[in-house]
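Numbers 335 to 688, taken from the working numbering, label the letters of the sequence shown in order. Positions of the beta carbon are idealized from the N, C-alpha and C atoms, including for glycine. Take a look at the structure set out below.
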Amino acid sequence: MPKRASAPKSRTLMYTQQLSHLPFSDVDSLYEAIESRLGPKRYAGIIHDHDMKDNGSSVADHVHVMMSFSNPRSPSNVAKLLGDKPQSVEIWTGRAAEKNGFSYLCHRTAGARGKFQYPLDAVRANFDYVKEMEGIEADVIRSTSHSNIKVLLDALLDGSIDREALVSQLSGSEFARARKQIDDVYARRLQVQAAEWRKRMLEEGREITTIWIFGPPGAGKTSLAKKYAEERGTGYFVSGSTRDIFQGYAGQHTVILDELRPKSIGYADLLRITDPHALEHEVMAPARYFDKALAVELIIVTSPYDPLQFYSEQVGGARPLRSYDGSTASGSLSAVWASWSRCSRRRFANRALT
């Protein structure tokens, strides 16, 4: 003889019944029966008397009672103990079944937001329902925030949005929590962009070029550098403070290292980023929070030091080479079209800034 299939059971059940069909004299008697006959670990109930149908007519007043048990219970058994029909008790499933059931009582679930929002204090429960709902809604906000940030981080990595656009969509607290993730993903994005740029440069046989503009303060070094960069028709980056000269670098192919001094950047770092043959490997610019992958074709340095004076200061008074092919002069300004990384091994090539 085949075995009879066992009735489905669950720890989370909801009882629903119209007030006119309630097998009790009143709702208070229903709650007393639930406590005495069923003994759920937690329960909460509410009368829905403001629900509307899609056609605008009123739904008959009814009661919902969400129950959470320590052990699985069958809907038919629970309904029988309450003196009602099996269809009056519904199983709630899923990892968040209990939270969703309690939230539905006041229409606080995602699918019920368009319905009448019942006040939390209209619920009768054997626990602090208001506090429970505050915790549930806080969890939902955190979960939604995390999901949104994940989408934004993915968009940042694939280049759909830039860092500033991402940050503009976050609140202050969200940015504070996600700053490390944003920095990590942004650093990775710069690496990807730089790798693509180096590959293209190598395929086209191009090298990194450095222009060194030197002269006294107020001579117009920065203006000249910006004018030249603008005439190239591409975006350019101007270095920031001496504490973090690459702060704000976002993959620009032209970089102006403005008012550079020997203490602004280490010799090894400057040697590495200006190496014309550095395209064969990744070049990272030193930065305060995270080093940034460079995708540079042209570096323009402005400084009160000429290249040889700068080199001498940086290597601690070592005797610099004194021969190079001259400079392009204009008033108190001089410009050298140079390969800084080779300054200790070969002469600078002079060329006019046209």
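Counting pairs of Cβ atoms below 8 angstroms between the region 482-495 and the region 412-431, do you hit three or more? no
Please report how far the alpha carbon of Pro-406 lies from the alpha carbon of Asp-625, in whole angstroms. 56 angstroms
Contact the region 578-590 vs the region 558-566: 3+ CB pairs below 8 angstroms: yes
Below 8 angstroms CB to CB, which residues in the same chain sit around Ile-599 once its five sequence neighbours on both sides are set aside? Ile-579, Leu-591, Pro-620
Met-400 beta carbon less than 8 angstroms from that of Tyr-377: yes
If you count every other CB in all the chains shown that lies within 10 Å of the CB of Phe-571, and 16 or more means buried, which is it? buried
So what does DSSP say about Ser-408, is it helix, strand or coil? coil
Per DSSP, Met-713 forms a beta bridge with which residues? No answer is possible for residue 713: it lies beyond the span of the chain, which begins at 335 and ends at 688.
Please report the Cβ distance between Leu-504 and Ala-512, rounded to the nearest whole angstrom; I am assuming they are in contact, meaning their Cβ atoms lie under 8 angstroms. 7 angstroms
Whose C-beta lies closer than 7 angstroms to the C-beta of His-396 among residues of the same chain, with five residues either side of it excluded? Thr-350, Gln-351, Gln-352, Leu-353, His-382
For Gly-582, collect the residues of the same chain with a Cβ closer than 8 angstroms to its Cβ; drop the 5 residues on either side in sequence, then sort them by chain order. Phe-571, Gly-574
Mapping DSSP to helix, strand and coil, what is Val-501? Residue state, collapsed to three classes: helix.
Does chain C have any CB closer than 8 angstroms to the CB of Gln-351? Among the chains of the structure shown, chain C does not appear; only one protein chain is present.
With distances taken Cα to Cα, identify the nearest neighbour of Met-618 among Gln-648, Val-526, Ala-499. Val-526
Classification of Ser-391 by the beta-carbon crowding that lies within 10 angstroms, buried from 16 upward: exposed
Shortest alpha-carbon distance to Thr-544 belongs to which of Glu-424, Lys-514, Ala-602, Leu-632? Leu-632
Go ahead and pull the three-state DSSP assignment for Lys-343. coil
Helix, strand or coil: how does DSSP classify Phe-580 here? coil
Phe-461 vs Asp-385 beta-carbon contact at 8 angstroms: no
For the ligand ATP, any of its heavy atoms closer than 7 angstroms to the Cβ of Ser-573? Among the components modelled here there is no ligand, and therefore nothing to report on the ligand ATP.
Which residues bound the alpha helix (DSSP H) around Ser-646? Here the alpha helix (DSSP H) through Ser-646 covers 641-648.
Given Leu-500, which residues of its chain have a CB within under 8 angstroms of its CB, disregarding the five upstream and five downstream residues? Leu-486, Leu-487, Ala-489, Leu-490, Ile-516
Kindly give me the distance between the Cβ atoms of Ser-422 and Lys-343, rounded to whole angstroms, as I take these residues to be in contact under 8 angstroms. With a Cβ gap of about 16 angstroms, Ser-422 and Lys-343 do not count as contacting.
Applying the 10 Å Cβ sphere with the 16-neighbour rule, what's the burial state of Ile-380? buried
Drop a sphere of 10 angstroms on the beta-carbon of Thr-427, count the other beta-carbons inside from all chains shown, and report buried for 16 or more, exposed for fewer. exposed
Can you grab the Cα-Cα spacing for the pair Lys-561 / Arg-540, in whole Å? Here the alpha carbon of Lys-561 sits roughly 23 angstroms from the alpha carbon of Arg-540.
So Phe-735 and Glu-471 are supposed to be a Cβ contact under 8 angstroms. How far apart are they, rounded? Coverage of the chain is limited to positions 335 through 688, which leaves residue 735 absent and any answer about it impossible.
Give the range of the alpha helix (DSSP H) segment to which Glu-369 is assigned. According to the DSSP assignment, Glu-369 belongs to no alpha helix (DSSP H), since it is labelled neither H nor E.
Asn-389 burial status per 10 Å Cβ neighbour count (16 or more: buried): exposed
Rounded straight-line distance, which links the Cα of Pro-420 to that of Asn-411: Taking the Cα positions, Asn-411 is about 8 angstroms away from Pro-420.
May I have the straight-line CA-CA distance separating His-398 from Ala-341, to the nearest angstrom? 23 angstroms
DSSP three-state call for Arg-566: helix, strand or coil? Coil, per DSSP.
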